[in-house]
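These notes concern the structure reproduced below.
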Amino acid sequence: MQTIFARRALLARGWGHDVAVSVDGSGRIADVVEAASRPSGASSVDVLLPALSNLHSHTFQRAMAGLTETRGPSQHDSFWTWREVMYRFLDVLTPDEIEAIAAFAFMEMQEAGFSAVAEFHYLHNRPGGAGYDNPAELSQRIAAAAAETGIGLTLLPVHYAQGGVDGRPLAGGQMRFRNDLASFEALAARMPQIAAGLPADAGWGVAPHSLRAVSRDDLRHLAAIAPDRPLHMHIAEQEKELEETRAVFGVRPVEWLLFEHDVSARWCLVHCTHMTPAETEGLARSGAVAGLCPVTEANLGDGIFDGRRYLSAGGFFGVGSDSNIRISASEELRQLEYSQRLRDRLRVVLADPGQSAGDVLYRGALAGGARALGRDTGAIETGRWADLVALDLDAAGYAPLGEQAALDAWVFSAGNAAVSDLWSAGRHRVRGGRHVAREAIASRYRACLASILERF
Ligand code: ZN
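Per the numbering used here: the sequence shown ends with 1466, consecutive numbering throughout.
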């Protein structure tokens, strides 16, 4: 049993003062007491929040940060030219390197306020497409990185079987993703065993990559493989993808999905950048989570999610660090609100009158992130996993603002530097703003990156 004592804590009913949170040996919150006196031996923090779940990540892309910002030779540098670089990059990575990069990214996520992550894992094969002796080799590397860092993992093995909506064959870097229904099912069947090797809060789901990479028949099959577990899929990220879907299906991607499938709370649809008002409202009604990755979507020039309409319709959303070009829970929320402001030329957009943007976005992303990961988290309440983040707003100079402004101060101003401590299901892995294993994880990562760059 451990106890965390917070001067101010965001509880389910609102802000509490002098809050003692007890965490049991399994990592769940055992008790929450307000107006407590500080127990001896307790960790003492300034502001305590339920920590966010990062609902979408491809960890290997963290190692590409800084390598893709030079304009290419084509008329328009775009998502598709970025994808060519990404395919070339992933083709040199070894299993050891994939694990080292994942550990570094998971560590940064915890330092940036994410206690858990859904890893959308689509590297399965050797370069060129031959399988490893152990088909779950790279899935196990991701799990090992999660174990090393202590982050809460929901592992999502990805099905990737074709090169476009028209069913064309895979090519180039895509060969490392390739599977067919039989090999995907064999991989998914290994997930319970992999999760069992991690702490009890770990989980898994399935991830048909996109309507580009998965046939309609395969998608129907995947939706039935683990009907109570999370199902994540990229959708409507790029306009070219919309055109391809319309050419083959005759309708738009989200429109098709909502009509053909029982889209429900276990679905997390990643990006949803390009939707009509009817699609936006239909998705909101479904109870599915819109998996928004605003920093990556800005970096890749995807477009702007219709957040105002979606939130007005009561839609669930969460945020993901996706390409990991920049890992920051607060910056994802900031970018989400700023993109709406820039499009509409207004100020606070994603809140109703009298509400603060930081408050609406943070509470929304807590609920949506927990739903997307299928994780019992998102509130400081007895029985939930102790996924907690502490901010030192006092040291950062924001203390006189009071707790009502704490989320706005973090999201719109203080950023990652304000994170002092983080617990993933009770595992206290960030202390004083640094991950407890930072030195070893960062030095291994640096050596790997140097070696990768020699071969890239
Ligand atoms: Zn993605």
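In this text, a Cβ means the ideal position worked out from N, Cα and C, and glycines have one as well.
Please read all numbers here as calculations on a predicted model, not as lab measurements.
message: ligand 1 and Phe-1099: does any heavy atom of the ligand fall closer than 7 Å to the residue's C-beta?
response: Distances from the CB of Phe-1099 to the heavy atoms of ligand 1 are all 7 Å or more.
query: Over what stretch of residues does the alpha helix (DSSP H) that includes Ile-1462 continue unbroken?
result: Annotation for Ile-1462: the continuous alpha helix (DSSP H) segment containing it runs 1448-1465.
field: Anticipated Cβ contact below 8 Å, Arg-1394 with Arg-1048, distance rounded
entry: Contact flag wrong, Cβ pair sits at about 23 Å.
query: What residue ranges within the stretch 1156-1217 form continuous alpha helix (DSSP H) runs of no fewer than 4 residues, ordered along the chain?
result: If we require 4 residues or more, the alpha helix (DSSP H) runs fully inside the stretch 1156-1217 come out as 1191-1206.
query: Sorry if obvious, but does the Cβ on Asp-1332 come closer than 7 Å to a heavy atom of ligand 1?
result: For ligand 1, at least one heavy atom lies less than 7 Å from the Cβ of Asp-1332.
message: I'd like to know whether the C-beta atoms of Ser-1032 and Ala-1040 end up nearer to each other than 8 Å.
response: Ala-1040 sits close to Ser-1032, with the two beta carbons spaced by under 8 Å.
- request: Give the secondary structure of Val-1043 by DSSP, where H, G and I count as helix, E and B as strand, and everything else as coil.
  value: Collapsing the DSSP output to three states places Val-1043 in a strand.
- prompt: Considering Ala-1016, what are the terminal residues of the beta strand (DSSP E) in which it resides?
  reply: From DSSP, the beta strand (DSSP E) with Ala-1016 extends over 1012-1021.
message: Which residue wins for smallest C-alpha separation from Phe-1114, given the options Glu-1079, His-1086, Ala-1073 and Trp-1090?
response: Per the C-alpha coordinates, the member of Glu-1079, His-1086, Ala-1073 and Trp-1090 positioned closest to Phe-1114 is Ala-1073.
task: For Val-1261, verify whether its CB is less than 7 Å away from any heavy atom of ligand 1.
output: When distances are taken from the beta-carbon of Val-1261 to the heavy atoms of ligand 1, even the shortest one reaches 7 Å or more.
- prompt: Looking only at DSSP bridge pairs, what is Ala-1128 linked to?
  reply: In DSSP, Ala-1128 forms a bridge with Thr-1164.
query: Contact between the stretch 1436-1443 and the stretch 1360-1376: three or more CB pairs below 8 Å?
result: Because the criterion of three Cβ pairs below 8 Å is not met, the stretch 1436-1443 and the stretch 1360-1376 do not touch.
message: Do Val-1102 and Phe-1130 have their beta-carbon atoms positioned less than 8 Å apart in this structure?
response: Going by C-beta atoms, Phe-1130 is not nearer than 8 Å to Val-1102.
- prompt: If you compare alpha carbons, which of Asp-1397, Ala-1409, Phe-1194 and Ile-1337 is closest to Ala-1075?
  reply: Out of Asp-1397, Ala-1409, Phe-1194 and Ile-1337, Ile-1337 has the C-alpha closest to the C-alpha of Ala-1075.
- request: Measure the C-alpha to C-alpha separation of Glu-1342 and Gly-1035 and round it to an integer number of angstroms.
  value: Answer to the nearest angstrom: the Cα atoms are 32 Å apart.
- request: Might you give, ordered along the chain, the residues of its own chain that have their beta carbon closer than 6 Å to the beta carbon of Arg-1276, omitting 5 neighbours on each side?
  value: Excluding residues up to 5 positions away in sequence, Pro-1240 and Leu-1241 lie with their Cβ nearer than 6 Å to the Cβ of Arg-1276 in the same chain.
query: Under a three-way DSSP split, which group does Ser-1063 fall into?
result: Ser-1063: strand per DSSP, three-state reduction.
field: Distance between beta carbons of Leu-1197 and Ser-1149, contact taken as under 8 Å
entry: Contact annotation, Ser-1149 with Leu-1197: C-beta distance approximately 7 Å; criterion of less than 8 Å satisfied.
task: Determine, using beta carbons only, whether Ala-1409 and Leu-1403 come nearer to each other than 8 Å.
output: Between Ala-1409 and Leu-1403, the gap from beta carbon to beta carbon is short of 8 Å.
query: What is the DSSP secondary structure of Val-1259, reduced to helix, strand or coil?
result: In the sequence on display, residue 1259 carries Phe and not Val. Of the three classes helix, strand and coil, the one that applies to Phe-1259 here is helix, per DSSP.
message: Could you give the first and the last residue of the continuous beta strand (DSSP E) run that contains Ser-1032?
response: Run containing Ser-1032: 1024-1033, per the beta strand (DSSP E) assignment.
message: Restricting to Cα atoms, I'd like to know which of Arg-1344, Met-1243, Ser-1084 and Gly-1364 is closest to Cys-1282.
response: For Cys-1282, the closest C-alpha among the options Arg-1344, Met-1243, Ser-1084 and Gly-1364 is that of Met-1243.
- prompt: Who are the near neighbours of Tyr-1320 in its chain, counting only those whose CB is closer than 6 Å to its CB and skipping five residues on each side?
  reply: Within the same chain, Thr-1290 and Ala-1294 come within 6 Å of Tyr-1320 by CB-CB distance, once the 5 residues on both sides are set aside.
- request: Counting only the same chain and skipping the five closest in sequence on each side, list residues whose C-beta sits under 7 Å from that of Phe-1259.
  value: When the five nearest sequence neighbours on each side are left out, the beta carbons in the same chain lying within less than 7 Å of the beta carbon of Phe-1259 are those of Trp-1266, in order along the chain.
Exposed unless 16 or more other CB atoms sit within 10 angstroms - verdict on Asn-1334: By the C-beta density criterion, Asn-1334 is buried, having at least 16 other C-beta atoms within 10 angstroms.
query: Assuming Arg-1448 and Gly-1160 make a contact with CB atoms under 8 Å, what is their CB distance in whole Å?
result: Actually they do not touch by this definition, with Cβ atoms about 12 Å apart.
- request: For Val-1280, verify whether its CB is less than 7 Å away from any heavy atom of ligand 1.
  value: Checking the Cβ of Val-1280 against ligand 1 gives yes.
message: So, for Val-1043: in the same chain, excluding its five sequence neighbours on each side, which residues have a beta-carbon less than 6 Å away from its beta-carbon?
response: Around Val-1043: Ala-1030.
query: Among Asn-1189, Gly-1207, Asp-1227 and Ala-1181, which has the Cα closest to the Cα of Pro-1145?
result: Considering only alpha carbons, the answer is Asn-1189.
- prompt: Does the separation of the CB atoms of Arg-1081 and Asp-1087 fall below 8 Å?
  reply: Yes, the Cβ-Cβ distance between Arg-1081 and Asp-1087 is below 8 Å.
query: Exposed or buried, what is Ser-1349 when buried is set at 16 or more other beta-carbons lying within 10 Å of its beta-carbon?
result: The C-beta of Ser-1349 has 16 or more other C-beta atoms within 10 Å across all chains shown, which makes the residue buried.
query: Helix or strand or just coil, what does DSSP make of Ala-1323?
result: Note: Ala-1323 maps to coil in three-state DSSP.
query: Would DSSP call Asp-1101 helix, strand or coil?
result: Looking at Asp-1101 - three-state DSSP - the assignment turns out to be coil, as it is neither helix nor strand.
message: Quick check: the Cα distance between Trp-1420 and Ser-1063, rounded to an integer number of angstroms?
response: Trp-1420 and Ser-1063 have their alpha carbons spaced roughly 17 Å apart.
- request: Using beta-carbon positions only, say whether Leu-1208 and Pro-1218 come within less than 8 Å of one another.
  value: No, these two residues do not count as a Cβ contact at 8 Å.
query: Taking only runs of the alpha helix (DSSP H) that begin and end inside the stretch 1394-1431, which ones reach a length of at least 4 residues, in chain order?
result: Secondary structure within the stretch 1394-1431: the alpha helix (DSSP H) runs of 4 or more consecutive residues, fully enclosed, are 1416-1419 (chain order).
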